[in-house]
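K.L.:
Attaching a single structure in structure tokens format; questions to follow.
Number of protein chains: 2
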Amino acid sequence: MKRDSRLSSVLHALLHMAEREGPMTSGELAACMRTHPVVMRRTMGMLRAAGLVRSASGPQGGWRISADLAKVTLRQLHETLGEPAIFAVGNRHETPACLVEQSVNAALDGAFAEAEALLLARFGQITLADLAADFSRRHAAWRERNA
Amino acid sequence: MKRDSRLSSVLHALLHMAEREGPMTSGELAACMRTHPVVMRRTMGMLRAAGLVRSASGPQGGWRISADLAKVTLRQLHETLGEPAIFAVGNRHETPACLVEQSVNAALDGAFAEAEALLLARFGQITLADLAADFSRRHAAWRERNA
DNA sequence: TCAATTCGTAATAAATGAAGTTACATGAAG
DNA sequence: CTTCATGTAACTTCATTTATTACGAATTGA
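Chains as they are written, first to last, in my numbering: chain B, 1307 to 1453; chain D, 1307 to 1453.
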């Protein structure tokens, strides 16, 4: 199964943008991600629709963050991306007539719901500012090593 | 992304088998699941390799449970099925050189690891006997309603 | 022994959805 | 008006599960 890596992508993009003065073009972002500029436009476009970033055409154009890093959580980004399915494992049929299958679904749904709630709660606690701070620490440590 | 429903399938199959005296053929199981007999053979074959079920060829052949329902947990079945990836969402690159991406991955990996640990812990607490008991309750309630 | 039943398994196709690509239109800077 | 950049539709590629076909092997019972 192919994993959805859009959340990972937009986080990577937003953090690079946060480390920069001017805007970043789709091409620059795509180079960071080793992907295609159109893929970046498509994905970042969802953030633009939510008002988290802005884009501009033409020379000196590109993408800029238009939100407070301390107020944007991973959960919010997950929602902005359309809340894609988190689990790659699931029930065979969603609303089966078979009573046996209903028991199976109830057990699995319960466990998955708990895990999803935990994951989303964690996502709700992590902001872009937290990630930026983590990056600063890693960057400082890296400079230390290469001093 | 296509969801892996094999755990759901084998649970459904095992519970039907538990409700039965004799063996069940791949065709009967496939009819319960609305799928193809070969799919059942393939999936059940993994359980057979782990000693959880037995199969026999020829007339009066089919599949039987060869384990104690109270001792088989959902976690064990998940492992028997090869521990398929639980999440449909993940990192773009697993071991990036980019420090920014390392921060992103660290945050996501932490949250996913917690959620996975919770899910597997829950799976470890649920046995086939629990599901069979839940089915009995549902079945009794169903007979009550249709009395 | 023969016919029917059932599993075992390889090979292949269908289905799904993200990712990648192409093509072209739109808009801004100079 | 040329260049750079986004916007977006259409299409292809890729990965993975599920479904199907085909055929072989084993078992039962007449």
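Beta carbons are placed, not taken as given, at the ideal position from N, Cα and C, and that holds for glycine.
Which residues in chain B sit within 7 Å of residue 1408 (chain D), going by Cβ to Cβ distance?
P.N.:
By Cβ distance, chain B contributes 1444.
K.L.:
Nearest chain D C-beta to residue 1322 (chain B) closer than 9 Å, yes or no?
P.N.:
So, interface residue.
K.L.:
Do residue 1438 (chain B) and residue 1321 (chain B) have their CB atoms nearer than 9 Å?
P.N.:
Yes, they are a contact pair.
K.L.:
Can the beta-carbon of residue 1396 (chain D) be found closer than 9 Å to that of residue 1314 (chain B)?
P.N.:
Their beta carbons are under 9 Å apart, which means residue 1396 (chain D) touches residue 1314 (chain B) by this criterion.
K.L.:
Output yes if chain D places a C-beta closer than 9 Å to the C-beta of residue 1330 (chain B); else output no.
P.N.:
Not one chain D Cβ lies under 9 Å of residue 1330 (chain B).
K.L.:
Leaving out five residues on either side along the sequence, give the residues of the same chain with a beta carbon under 6 Å from the beta carbon of residue 1319 (chain D).
P.N.:
Once the five neighbours on either side are set aside, the close Cβ partners of residue 1319 (chain D) are 1335.
K.L.:
Less than 9 Å between CB atoms is the rule here; does residue 1390 (chain D) satisfy it with respect to chain B?
P.N.:
It does: the Cβ of residue 1390 (chain D) has a partner Cβ on chain B nearer than 9 Å.
K.L.:
CA-CA distance, residue 1384 (chain B) and residue 1343 (chain B)?
P.N.:
For residue 1384 (chain B) and residue 1343 (chain B), the distance between alpha carbons rounds to 21 Å.
K.L.:
Just curious, the beta strand (DSSP E) that residue 1361 (chain B) is in, first and last residue?
P.N.:
Per DSSP, residue 1361 (chain B) belongs to the beta strand (DSSP E) from 1359-1362.
K.L.:
According to DSSP, residue 1369 (chain B) sits in a beta bridge with which residue or residues?
P.N.:
B:1330 and B:1361, per the DSSP bridge assignment.
K.L.:
What separation, rounded to the nearest whole angstrom, lies between the Cα atoms of residue 1441 (chain B) and residue 1354 (chain B)?
P.N.:
Cα-Cα distance, rounded: 24 Å.
K.L.:
To the nearest angstrom, report how far apart residue 1311 (chain B) and residue 1351 (chain B) are at their CA atoms.
P.N.:
Spanning the two alpha carbons is a distance of roughly 15 Å.
K.L.:
In whole angstroms, what separates the C-alpha of residue 1406 (chain B) from that of residue 1409 (chain D)?
P.N.:
Going by the C-alpha atoms only, they are around 44 Å apart.
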